[in-house]
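Anchor point for the sequence shown: position 61 equals 60 in numbering that gives the first Met the number 0, and the numbering is continuous, going up by one each time.
Ideal placement from N, C-alpha and C gives every residue a C-beta, glycine not left out.
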Amino acid sequence: MNTVIRTVDENNIDINVIDEAAKFLREGNMVAFPTETVYGLGADALDESASAKIYQAKGRPSDNPLIAHVCNMRQVERIVKDIPEAAIKLMKAFWPGPLTIIFNKSDVVPYGTTGGLDTVAVRMPANKIALKLIEYSDLIIAAPSANTSGRPSPTTAAHVKEDLDGRISMILDGGAVGIGIESTIVDMTTEVPMILRPGYVTRSMLEKVIGHVEIDKAILGPSGDAGSDMKPKAPGMKYKHYAPKADFKIFEGDSHSVAQKINSLAERYSSDGFKVGIIASDESIMRYENSDVVSVVSIGSRSDELSISRNLYKILRDFDAEKVDYIFGESFESQELGQAIMNRLLKAAGYQIEHV
Ligand code: AMP
Ligand code: MG
Numbered sequence: 000m001n002t003v004i005r006t007v008d009e010n011n012i013d014i015n016v017i018d019e020a021a022k023f024l025r026e027g028n029m030v031a032f033p034t035e036t037v038y039g040l041g042a043d044a045l046d047e048s049a050s051a052k053i054y055q056a057k058g059r060p061s062d063n064p065l066i067a068h069v070c071n072m073r074q075v076e077r078i079v080k081d082i083p084e085a086a087i088k089l090m091k092a093f094w095p096g097p098l099t100i101i102f103n104k105s106d107v108v109p110y111g112t113t114g115g116l117d118t119v120a121v122r123m124p125a126n127k128i129a130l131k132l133i134e135y136s137d138l139i140i141a142a143p144s145a146n147t148s149g150r151p152s153p154t155t156a157a158h159v160k161e162d163l164d165g166r167i168s169m170i171l172d173g174g175a176v177g178i179g180i181e182s183t184i185v186d187m188t189t190e191v192p193m194i195l196r197p198g199y200v201t202r203s204m205l206e207k208v209i210g211h212v213e214i215d216k217a218i219l220g221p222s223g224d225a226g227s228d229m230k231p232k233a234p235g236m237k238y239k240h241y242a243p244k245a246d247f248k249i250f251e252g253d254s255h256s257v258a259q260k261i262n263s264l265a266e267r268y269s270s271d272g273f274k275v276g277i278i279a280s281d282e283s284i285m286r287y288e289n290s291d292v293v294s295v296v297s298i299g300s301r302s303d304e305l306s307i308s309r310n311l312y313k314i315l316r317d318f319d320a321e322k323v324d325y326i327f328g329e330s331f332e333s334q335e336l337g338q339a340i341m342n343r344l345l346k347a348a349g350y351q352i353e354h355v
């Protein structure tokens with residue numbers, strides 16, 4: 000299949016390009032498009048055979064449900080059974096935006112889209128290209144991240160091309176995304192709302208709007224093995240995820256000791272002939288020794304967590320491209336957006352973290 004790639008300016012959208020993309024979607028094909036979180040791989044959410052194509056293109060396990068993307072409340076009402084009062088407050092406060100809400104599904108949503116669940120995940124994205132595409136196609140669009148399953152999520156169109164070129168009909172290139180990690184997921188079908196995946200919309204932001212919110216304990220620690228009572232409630236969170244090809248380990252502790260530990264490991268592994276990547280921050284990058292076989296990058300500034308979330312997956316992909324064998328990284332405060340950042344980093348590292 001030839002994958003058509005078109006550039007779209009979010010502030011001056013060429014409607015002909017949107018029309019071309021919408022046509023592919025209406026014919027049951029796949030189009031990747033930018034959202035404010037990561038790039039999504041879209042197909043008609045209500046067409047079981049269209050969403051089946053997504054699973055195939057990504058190599059995604061079939062029990063890992065897709066998020067349905069909408070552009071108005073009429074579409075929400077079509078796919079959900081009931082809308083709790085508190086969910087209305089959340090939609091008013093955070094949509095369009097990086098918050099996915101779990102509802103009980105209506106009969107029009109095929110089990111092929113929800114991974115066999117009676118619930119459906121719904122989000123109204125804040126990217127204007129995404130919204131135009133949903134509106135123009137007049138479809139509810141299932142769109143997981145547009146990467147091969149298990150790889151770091153795509154934050155540019157080039158990342159999508161790397162993974163899915165030749166497997167999907169079209170990629171809309173709207174430039175690099177603003178947030179860089181996937182949406183917050185909150186389950187509103189339970190008595191007490193529960194965060195199933197941390198993201199840009201934090202627990203305290205949700206609690207300001209609807210009061211007490213629980214957080215799925217499994218998302219902060221190792222999990223996923225069969226029979227474990229730490230099984231995450233968002234099926235997708237149990238898979239090895241966001242992972243670079245290298246062996247990745249995180250170090251926490253005071254900045255000086257962490258840098259000392261990482262430098263000594265980098266020296267040892269590189270002298271054994273391995274290529275080493277180091278994830279530093281703007282505040283610490285000068286503590287590390289760059290060389291031909293040790294590549295040091297800053298993930299962003301500790302005083303600007305958005306800069307960190309925006310760079311996170313790109314750095315992991317860049318290390319893959321450089322064929323790095325070992326990655327040693329600093330850890331970050333796990334409050335607010337930092338909680339989502341550490342959730343992704345720990346998953347990418349297979350929960351290898353050492354206190355120094
Ligand atoms: P992605 O779109 O690639 O970010 O993946 C979607 C995430 O949403 C996965 O972690 C899914 O497990 C989760 N998800 C989607 N639908 C549901 C649902 N009905 N209940 C719980 N989690 C869901
Ligand atoms: Mg994903």
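Neighbour flag for residue i against chain B, beta carbons, 7 Å
i, result
"residue 145", "Going by chain labels, chain B is absent from the structure shown, which holds only one protein chain."
Buried versus exposed, by CB contacts within 10 Å (16 or more), residue i
i, result
"residue 304", "buried"
"residue 55", "exposed"
"residue 256", "exposed"
"residue 0", "exposed"
"residue 122", "buried"
"residue 189", "exposed"
"residue 227", "With a pLDDT of 45 at residue 227, under the threshold of 50, the predicted position of this residue should be treated as unreliable, though the coordinate-derived value follows. So residue 227 counts as exposed."
"residue 225", "Any reading at residue 225 needs caution, since the residue's pLDDT is 37, under 50, leaving its predicted position unreliable; the model's value is listed next. Classification for residue 225: exposed."
"residue 126", "buried"
"residue 236", "buried"
Per DSSP, the bridge partner or partners of residue i
i, result
"residue 104", "79"
"residue 248", "327"
"residue 209", "None, per the DSSP bridge assignment."
"residue 98", "183"
Residue i - containing alpha helix (DSSP H), residue span
i, result
"residue 267", "254–270"
"residue 162", "156–163"
"residue 111", "110–113"
"residue 191", "Run containing residue 191: none; DSSP gives neither H nor E here."
Extent of the continuous beta strand (DSSP E) to which residue i belongs
i, result
"residue 7", "From DSSP, residue 7 is part of no beta strand (DSSP E); its letter is neither H nor E."
"residue 147", "Here residue 147 belongs to no beta strand (DSSP E), and DSSP marks it neither H nor E."
"residue 118", "118–122"
"residue 300", "Where residue 300 is concerned, there is no enclosing beta strand (DSSP E), given that its DSSP letter is neither H nor E."
"residue 276", "275–279"
For residue i, the nearest candidate out of the options (CA to CA)
i, options, result
"residue 67", "124, 52, 170 and 61", "124"
"residue 19", "82, 310, 109 and 128", "128"
"residue 351", "242, 83, 164 and 138", "242"
"residue 64", "144, 244 and 176", "144"
"residue 21", "133, 313 and 207", "133"
"residue 213", "26, 236 and 187", "187"
"residue 270", "283, 282, 279 and 290", "290"
beta-carbon residue i near the ligand GTP non-hydrogen atom, thresh 6 Å
i, result
"residue 50", "No copy of the ligand GTP appears in this structure; the ligands present are the ligand AMP and the ligand MG."
**Asked** Is the region 142–158 touching the region 8–26, taking contact as three or more C-beta pairs under 8 Å?
**Response** no
**Asked** Does the region 205–222 come close enough to the region 307–325 to have 3 or more Cβ pairs within less than 8 Å?
**Response** no
**Asked** Just checking, does the region 242–254 make contact with the region 338–350 on the three C-beta pairs under 8 Å criterion?
**Response** yes
**Message:** Any contact between the region 161–178 and the region 67–82? By contact I mean 3 or more CB pairs, one from each, below 8 Å.
**Reply:** no
**Request:** Say whether the region 175–187 touches the region 30–38, bearing in mind that this needs 3 or more beta-carbon pairs closer than 8 Å, one atom from each stretch.
**Result:** yes
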